[in-house]
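Mapping to my numbering: the first sequence position 260 is 262, numbers consecutive. Ideal Cβ positions, reconstructed from N, Cα and C, are used throughout, including at glycine. For clarity, every value in this text was computed on a predicted model and none was experimentally measured. Notes follow the structure.
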Amino acid sequence: MLELRFIRENIELVKEKTARRGQDTAKLDDFIETDQRRLSILTEVEGLKNRRNKVSKEVSLLKQGSGQDAARAESLIVEMRDTNQRIKELDAELNLIEQGLQTLVMSIPNLCDDSVPVGQNDSDNVEVWVWGERPVFSFTPKPHWEIGEQLGILDFDRATKLAGTRFALLKGFASRLERALINFMLDLHTQRHGYTEVLPPFLANTASLTATGQLPKFADDLFKISDWDLYLIPTAEVPVTNIHREETLDERDLPLCYVAYTPCFRSEAGSYGRDTRGLIRQHQFDKVELVKFSTPETSMEELEKLLTDAEEVLQLLGLPYRVVTLCSGDLGFSSTKTYDIEVWLPGQDTYREISSCSNFLDFQARRGSIRYRPEGQKKSRLVHTLNGSGLAVGRTLLAILENYQQEDGSVALPEILKPYFENRF
RNA sequence: GGAGGAGUGCCGGAGCGGUUGAACGGGACGGUCUCGAAAACCGUUGUGGGGGAAACUCCACCCAGGGUUCGAAUCCCUGCUCCUCCGCCA
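In structure tokens, the structure reads:
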């Protein structure tokens, strides 16, 4: 969410940046008018309330007197009945306008950073760098679903029986590998990158999802629990960022860095027919997520570090990847700048997203009222929030299947994971 | 699920319906004192919104949302959260 006053004073900039994302700016056109209307009513109603407060005090004093005073009090009380009627009307109108304004403001995306390339969609994303050597095979590499089904470790048919399409049943080595990857990632980020591990609830309420930006606009992407104010989390970003909602942090504690493993649940509405095979796009997947709270001055630096921390997972696993900067049209709603890490998948002869690292500036912090008190100052400021996958576990697993596949149909294990199999693999 | 109790500022804890944004205590911060520190003393200590160049000023907020009233932290409804007891349960 952007600050109301900021929008008022920078309406052209907001329009231009929203347009850069390829979003319709028509709704912004009547912002100024609505906002002015709001301010004029506000001024009037506050004046009346001021009068009411003063009269109340006067009545209070008059009531202690008698005779003439009592008569004077009576006439003031009568006057206030009318004033109150007017206040009620104005308040009601103000409420209506503010609701509309609120809905509008909540649906304005964050301003994209000036370093973000302008573009329409993912084909305009800009490659930043490429890491690793693509494996060379003496045979035609297979996609992971073929490898997994042949080894009997990925069972999509039975998963469909259990829950429907876009679910997977992992068995034996695959489930063991999934668990090993989670532990490996958590160990790396806690022991070498200094993150604090948390295990949050896997369901979140409306307030939490609103703070991080999934609601109100993207309700269709979520699984809602019927009869409860609860949704399955689409990412650990939601519960972890909300840890400090409505709190004022101490500058000494910043940046706060958390890492969390959670399953993630997404309805994938509107993606019918895309990535229907394999583990790429599931309703449920595991992810290890990195979340940071930083000062405004350091957030861009922290984004670079976050990216490096995520990249190291792939480097240690020996999986080739590239980093791209998302263009304005592909940028998420709440983000000002996002790097995607895309892992190489030889079975599909393509790069696929495996991590997304974003800086949200104070966009989420304002929605969730997450502040910090600068050292030695009394006024608090909004923090900056960031997050990134470190990494999407299911996609890491399938990347290992494809990159480490052998001619005999088996799959080798990355060296770094051997301790997680008691070196008995 | 049933029966009770409670929700006030950073914390503890007051608060007859009327100068209460909120006593008192503690903490924190600034200052005086000191070679330093402690103690003591003085002061400061919320958020959002409006106006103003600024000083400053106005409005709202005592869990949330409604209501009664000229006036509500104080009264009435509804919801939420927490605590205690019973039941059930990993």
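Tell me the residue span of the alpha helix (DSSP H) that contains residue i.
i: E306; result: S301 to L319
i: V16; result: I13 to R22
i: P241; result: E239 to T243
i: V138; result: No alpha helix (DSSP H) holds V138; DSSP gives it neither H nor E.
i: N185; result: F175 to D189
i: T327; result: From DSSP, T327 is part of no alpha helix (DSSP H) but of the beta strand (DSSP E) over Y323 to T327.
i: A209; result: T208 to T214
At the level of alpha carbons, what is the spacing between residue i and residue j?
i: K173; j: L156; result: 6 Å
i: E76; j: L98; result: 34 Å
i: I245; j: D115; result: 26 Å
i: L319; j: M187; result: 10 Å
i: F267; j: A238; result: 10 Å
i: R397; j: L281; result: 7 Å
i: T212; j: P218; result: 6 Å
i: S357; j: A312; result: 7 Å
i: L103; j: L41; result: 12 Å
i: R83; j: E91; result: 13 Å
i: H386; j: E299; result: 9 Å
i: P203; j: S391; result: 18 Å
i: E18; j: G166; result: 43 Å
i: P416; j: A221; result: 39 Å
i: V61; j: R7; result: 38 Å
i: T310; j: Y406; result: 23 Å
i: E249; j: W230; result: 25 Å
i: D277; j: R354; result: 11 Å
i: E303; j: T243; result: 19 Å
i: L419; j: E180; result: 11 Å
i: Y341; j: Y323; result: 13 Å
Check for me: the beta strand (DSSP E) holding residue i runs from which residue to which?
i: D342; result: K339 to L347
i: S296; result: Q286 to S296
i: V413; result: Looking at the DSSP string, V413 is not in any beta strand (DSSP E), and its letter there is neither H nor E.
i: R354; result: T352 to N361
i: L232; result: L232 to L234
Assuming residue i contacts residue j under a Cβ cut-off of 8 Å, what Cβ separation, rounded to an integer in Å, is found between them?
i: V413; j: L400; result: With a Cβ gap of about 11 Å, V413 and L400 do not count as contacting.
i: V107; j: L4; result: 7 Å
i: R373; j: L384; result: 6 Å
i: F295; j: L256; result: 6 Å
i: R39; j: S330; result: Incorrect: roughly 32 Å between the Cβ atoms, too far for contact.
i: G370; j: R247; result: 4 Å
i: R168; j: E253; result: That belief does not hold up - the Cβ atoms of R168 and E253 are roughly 44 Å apart, past 8 Å.
i: V395; j: I184; result: 6 Å
i: V130; j: V326; result: 6 Å
List the DSSP bridge partners of residue i.
i: T250; result: R373
i: H386; result: S296
i: T198; result: Y260
i: S391; result: E291
i: C266; result: F287
i: D157; result: L171
i: V128; result: T327
i: I227; result: L232
Is the number of C-beta pairs between the stretch 83-95 and the stretch 40-59 that are closer than 8 Å three or more?
-> yes
Should the stretch 174-194 be regarded as contacting the stretch 254-267, the criterion being three or more beta carbon pairs within less than 8 Å?
-> yes
If we count Cβ pairs, one from each stretch, closer than 8 Å, do we get three or more for the stretch 129-146 versus the stretch 337-353?
-> yes
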